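S.K.: With the first letter of the sequence shown counted as 1, position 128 gets the number 214 in this note's numbering; the numbers rise by one all the way through.
Once you've had a glance at the structure underneath, I'll fire off some questions.
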Amino acid sequence: MGWHEEWAEAQAFARAEIAAQRTPGEGPVAAPDLSVPVDQLLASAAASESAHEDLRPVLDRAIGDTAAATESLRQWTLGEQLGQSGAGWGAALSDMADRLPEHATGLRAITSAMVGLDQELRATFRGWGTV
């Protein structure tokens, strides 16, 4: 058995152990592979940043336009309601847009940790002479 086969077997065993720990008292569990490939994590991080770059200017413009409309209709009852609605939605959408880069950072951190752990495990197995 070569290195890649041993590594795949070790990963499958670890997944089975984790699945068994999550469902104690039950028999063997055929848990789905919940891992996400590194390239997909990195692509998701890039998509999150791209969405932020595309969304932020549009949101800022919409918030500004709503504020201008609110000001022009200030004397009307509608103006106050529009202002409240705009402030509420503007804050919520801005918060969402501002979180996108944080999600990208988190995805990259997970990717880095996964790759680092894989390399550490590989080095440990090689140090034992098992591969």
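Glycine is no exception: its CB is placed at the ideal position from the N, C-alpha and C atoms.
What you are looking at is a predicted structure, and each value in this text was computed from that prediction instead of being measured.
Does DSSP classify S198 as helix, strand or coil?
M.R.: Looking at S198 - three-state DSSP - the assignment turns out to be helix.
S.K.: For the alpha helix (DSSP H) holding V144, just list the boundary residues, first then last.
M.R.: From DSSP, the alpha helix (DSSP H) with V144 extends over V124 to S158.
S.K.: Shortest alpha-carbon distance to S130 belongs to which of P143, Q205 and H189?
M.R.: Measuring from the Cα of S130, the nearest candidate turns out to be H189.
S.K.: Closer than 6 Å by C-beta to L193: which residues in its own chain qualify, once you throw out the five before and the five after it? Chain order, please.
M.R.: Only L127, S130 and A131 meet the Cβ criterion.
S.K.: Would you report the Cα separation of L179 and R142, rounded to the nearest angstrom?
M.R.: Approximately 9 Å between the Cα atoms of the pair.
S.K.: G172 and A153 - do their beta-carbons sit closer together than 9 Å?
M.R.: Yes, they are a contact pair.
S.K.: What would DSSP say about S171, mapped onto helix, strand or coil?
M.R.: In the structure shown, S171 sits in a helix (DSSP, three-state: H, G or I).
S.K.: Count the other CB atoms within 10 Å of the CB of A177; is the residue buried (16 or more) or exposed (fewer)?
M.R.: The residue in question, A177, is exposed, as its Cβ has fewer than 16 Cβ neighbours within 10 Å.
S.K.: Rounded to whole angstroms, what's the CA-CA distance from G150 to H138? Just pull it up for me.
M.R.: Approximately 18 Å between the Cα atoms of the pair.
S.K.: Determine the DSSP secondary structure at S121, reduced to helix, strand or coil.
M.R.: Residue state, collapsed to three classes: coil.
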